[in-house]
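Have a look at the structure below before the remarks.
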Amino acid sequence: MRVTRLFGKTLREVPAEADTISHKLLLRAGMVDQLAAGVYSYLPLGWRVINKIESIVRDEMNQAGGQELCMPVLQPLEMWQQTGRDQAFGEGLFVLTDRRDRRLVLGPTHEEVITYLASRNVQSYRDLPLMLYQLQTKFRDEPRSRGGLIRVREFIMKDLYSFDADDAALDVSYQKMLRAYENIYARCGLTAMMVQADSGAIGGKDSHEFMVLAESGEDEIIYCPSCKYAANVEKAESVKPKAESGAPLPIEEVATPGAATIEEVAKFFKVAPSQTLKAVLYVADGGLIFAVIRGDIEVNEIKLKNLLHATELRLATDAEVKEAGLVKGAASAVGLKGVKIIADDSITSGTNFIAGGNKPEMHLKNVNYPRDFKADIMGNIAKSKAGEGCPQCSTALAAIRGIEVGHIFKLGTAFSKVLGANYIDEQGVSKPIIMGCYGIGIGRLLAAAIEQNHDDKGIIWPMPIAPYQIYLCPLYREGTKVAETAEKLYADLTAAGLEVLFDDRQESPGVKFNDADLLGIPVRITVSPRTLEKNSVEVKLRREKQASLMSLEEALIKIKELVAKG
RNA sequence: CGGGGCGUAGCGCAGUUUGGUUUAGCGCGCAGCGUUUGGGACGCUGAGGUCGGUGGUUCAAAUCCACUCGCCCCGACCA
342 MRVTRLFGKT
352 LREVPAEADT
362 ISHKLLLRAG
372 MVDQLAAGVY
382 SYLPLGWRVI
392 NKIESIVRDE
402 MNQAGGQELC
412 MPVLQPLEMW
422 QQTGRDQAFG
432 EGLFVLTDRR
442 DRRLVLGPTH
452 EEVITYLASR
462 NVQSYRDLPL
472 MLYQLQTKFR
482 DEPRSRGGLI
492 RVREFIMKDL
502 YSFDADDAAL
512 DVSYQKMLRA
522 YENIYARCGL
532 TAMMVQADSG
542 AIGGKDSHEF
552 MVLAESGEDE
562 IIYCPSCKYA
572 ANVEKAESVK
582 PKAESGAPLP
592 IEEVATPGAA
602 TIEEVAKFFK
612 VAPSQTLKAV
622 LYVADGGLIF
632 AVIRGDIEVN
642 EIKLKNLLHA
652 TELRLATDAE
662 VKEAGLVKGA
672 ASAVGLKGVK
682 IIADDSITSG
692 TNFIAGGNKP
702 EMHLKNVNYP
712 RDFKADIMGN
722 IAKSKAGEGC
732 PQCSTALAAI
742 RGIEVGHIFK
752 LGTAFSKVLG
762 ANYIDEQGVS
772 KPIIMGCYGI
782 GIGRLLAAAI
792 EQNHDDKGII
802 WPMPIAPYQI
812 YLCPLYREGT
822 KVAETAEKLY
832 ADLTAAGLEV
842 LFDDRQESPG
852 VKFNDADLLG
862 IPVRITVSPR
872 TLEKNSVEVK
882 LRREKQASLM
892 SLEEALIKIK
902 ELVAKG
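Under this note's numbering, read the first sequence as residues 342 to 907, first letter to last.
Right under this line is the structure:
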């Protein structure tokens, strides 16, 4: 490709809307163009990267036994009502109405459709195991798109679904996919960390996410520096710090003027926050929930939501709190009636807590569980944090941010039961198919690749996903053979099956070199009067500082090696 | 949805506070000509704008007022 013909211009200045590194570089390199919030066009260079990632993904999916198909974006809303996921997705679902007033959904994902397909085509255990996948555009009306391609409303996703006869077979499919995913990231030149993840209200037991570590990532990962434990903070477990305990003392009411927050209350009583009980009020599917947790620990809302089997969970408003007869800043489970109490098991570690008095500016001393109140549900609703103990080896956990570039999980029979996807087993008994689902956001993977591979000059594409392998950069001067040599080299390299971006512009060296760096093409070949004097060309790798001179033949061999190596 | 910021040429910005000095300006980019060519060269000439939109106030609006649309960031949210 000749740069003079290439659609998409590089920009010297960063468009004002970009904040994240990958977003800035994608715009500056002319790889994407924004149409609306979370809606992007891919320009030719960006699209080439997408295609390369897709072909790696396809290859791995096929090798793992997947069969590619393509399902519709347009899906009947009824299908979503049948599984109840119209509610689960809520406003995130793009819904439209056709000319006959039928309601259709722009697919945010394809479990419903694939399960419907399976229900029509799988009849016997002989049809299993089965893996089907597609690369399809998904639509999600995200509350907020962000970070360029990191979170968008229209995006390409590879989604594979596995169908198995039993849990053991599902484990096999799951392991195959897990390995395929590891291969994909490695082949794309990315370092991804596999972490345990929350599988949500629908999911079965196992779920893992693949994270590319980046400051701009939306997810927080809790991991153990010593053993292999790593989990999304949504899912992470930890050994909770111990709280002081002693013999239970009689409960006592104390006036606490001006003390409302845990910090203020702890200070007032001159105790550690771990000696207090925190009350957090939520509304889950319309009902008020009183969550009690030790003062030094935060509530993990995902865990709480799962514990309650709720589809919707939010903080209660001040008005709702007041209406329930509770006092903000002094709410207490002691003597509370008519409100569901969920307690974190941290409140059983420790004694004689300070808790709210259910009266303005009043707290209770020496509250003990279960002597003074009783929880309707006791469980683990604590948010783990760095410094707490690893659940496997007790080493202090660490936290880091990451971009979720893949998510795999075991669905079990959640969809097959509802949509009637059954098979007949060896004994002639009809059973629901056991399913798994495995997704990769292609555009997000591209963005993550940039987040992980760049410097202050621009992108540094890993060879396998680079839009072009070689940036051919002639520094023209009249009366020399630069133009002629470059043209010949362009033809030869292309004939050798290499992908060349040929900078045939009449630009100064600085402009060309800077664009080559910005675009991040892995190999740069410079032809100039200087190199021709020595009957050679200059080869420089984007990743390295040093360039080296070599003959045309040597260059061709070396570059072929580099491309093959990836 | 709550909080914050922004909208003037393809991109980056000034001008808005205090209406008139501007036929709306600067840099980059773009077009033409010439000189240049190893890390974002230079000169000359030129094209490019419903100042996000609508309505209002005024002799006069990019500038003041109202409404509205859009974009970004933080949060909420997000299988």
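Built from N, CA and C at the ideal position, the CB exists for glycine as well.
If you follow the alpha helix (DSSP H) that residue i is part of, which residue opens it and which one closes it?
i, result
"Q416", "Counting along the chain, Q416 falls outside any alpha helix (DSSP H), though it belongs to the beta strand (DSSP E) covering L415 to P417."
"R871", "P870 to E874"
"I722", "Neither: I722 is in no alpha helix (DSSP H) and is coded neither H nor E."
"E924", "Outside the shown range of the chain, which is 342 to 907, sits residue 924, and nothing can be said about it."
"T826", "V823 to A836"
"Q428", "R426 to F430"
"K365", "I362 to R369"
"V852", "P850 to L860"
Could you compute how far the alpha carbon of residue i sits from the alpha carbon of residue j?
i, j, result
"L677", "M498", "48 Å"
"P385", "Q810", "15 Å"
"F435", "R492", "16 Å"
"V823", "A370", "26 Å"
"T617", "E642", "20 Å"
"M342", "M372", "15 Å"
"N709", "L648", "23 Å"
"Q477", "Y383", "15 Å"
"I688", "I634", "6 Å"
"E452", "E702", "52 Å"
"V675", "H650", "25 Å"
"A905", "L473", "30 Å"
"S892", "E848", "25 Å"
"C565", "D637", "21 Å"
"M412", "G387", "24 Å"
"K829", "V463", "57 Å"
"L366", "P850", "21 Å"
"R846", "L458", "53 Å"
With distances taken from CA atoms, which of the options is nearest residue i?
i, options, result
"A572", "V536, T652, L618 and R846", "V536"
"G425", "R785, T652, A888 and A723", "T652"
"A896", "C568, D833 and N855", "D833"
"G379", "L490, Q477, I801 and G799", "L490"
"T450", "D427, R461, E642 and K393", "D427"
"L554", "T438, I562 and D547", "I562"
"A790", "K393, K886 and V878", "K393"
"T361", "K644, L705, E702 and E792", "E792"
"A445", "T456, A429, W421 and L458", "Note that residue 445 is Leu in the sequence shown, not Ala. Considering only alpha carbons, the answer is W421."
"A377", "R485, T456 and G406", "R485"
"D560", "I900, E745 and E840", "E745"
"K901", "E840, A762, V852 and L890", "E840"
"A596", "L705, G587 and F496", "L705"
"H748", "I898, S725 and H549", "H549"
"K646", "V612, Y623, F854 and I603", "Y623"
"A665", "G406, N699, S725 and N707", "N699"
Provide the residue span of the beta strand (DSSP E) that contains residue i, from first to last.
i, result
"Y457", "Not the beta strand (DSSP E): Y457 falls in the alpha helix (DSSP H), residues E452 to N462."
"R655", "L654 to L656"
"A377", "V373 to A377"
"I634", "G628 to R635"
"V446", "R444 to L447"
"M402", "That residue, M402, is in no beta strand (DSSP E); its alpha helix (DSSP H) goes P385 to Q404."
"K619", "L618 to A625"
"K901", "K901 -> not in any beta strand (DSSP E); alpha helix (DSSP H) instead, spanning L893 to K906."
"V436", "F435 to T438"
"E879", "V878 to L882"
"K726", "Careful: K726 lies outside any beta strand (DSSP E) and carries neither H nor E."
"K479", "L471 to F480"
"V344", "Counting along the chain, V344 falls outside any beta strand (DSSP E), and DSSP gives it neither H nor E."
Practice prompt. Could you say if the stretch 464-476 and the stretch 505-521 meet the contact criterion of at least three C-beta pairs nearer than 8 Å?
Written response: yes
Worksheet entry | Length at least 3, wholly inside the stretch 753-820: the beta strand (DSSP E) runs in chain order | 763-765, 771-773, 775-782 and 811-815
Discussion item. Quick check on the DSSP output: what are the complete beta strand (DSSP E) runs of length 3 or more inside the stretch 677-706, in order along the chain?
Written reply: 681-685 and 694-700
Worksheet item: Are at least three pairs of beta-carbons, each pair with one atom in the stretch 702-721 and one in the stretch 662-682, less than 8 Å apart?
Response: The stretch 702-721 makes contact with the stretch 662-682: 3 or more CB pairs, one atom from each, lie closer than 8 Å.
Discussion item. Can you confirm whether the stretch 729-744 touches the stretch 515-528 when touching is taken to mean that 3 or more C-beta pairs between the two stretches lie within less than 8 Å?
Written reply: no
Practice prompt. Tell me the start and end of each unbroken beta strand (DSSP E) in the stretch 491-570 that is at least 3 residues and wholly inside, in chain order.
Written response: 495-505, 533-537, 548-554 and 560-564
Worksheet item: Do the stretch 650-664 and the stretch 621-629 make contact, defined as three or more Cβ pairs closer than 8 Å?
Response: A contact between stretches requires three or more CB pairs, one per stretch, nearer than 8 Å, and the stretch 650-664 meets this requirement with the stretch 621-629.
Practice prompt. Please specify which runs of the alpha helix (DSSP H), each continuous and at least 4 residues long, are wholly inside the stretch 564-613, giving them in chain order.
Written response: 603-610
Item to complete: Please determine if the stretch 842-859 and the stretch 792-809 are in contact, where contact requires at least 3 C-beta pairs separated by less than 8 Å.
Response: yes
Discussion item. Quick test of the definition: if touching needs 3 or more C-beta pairs under 8 Å, does the stretch 688-695 touch the stretch 602-616?
Written reply: yes
Fill in: the stretch 569-583 / the stretch 724-731 touching (three or more Cβ pairs under 8 Å)
yes
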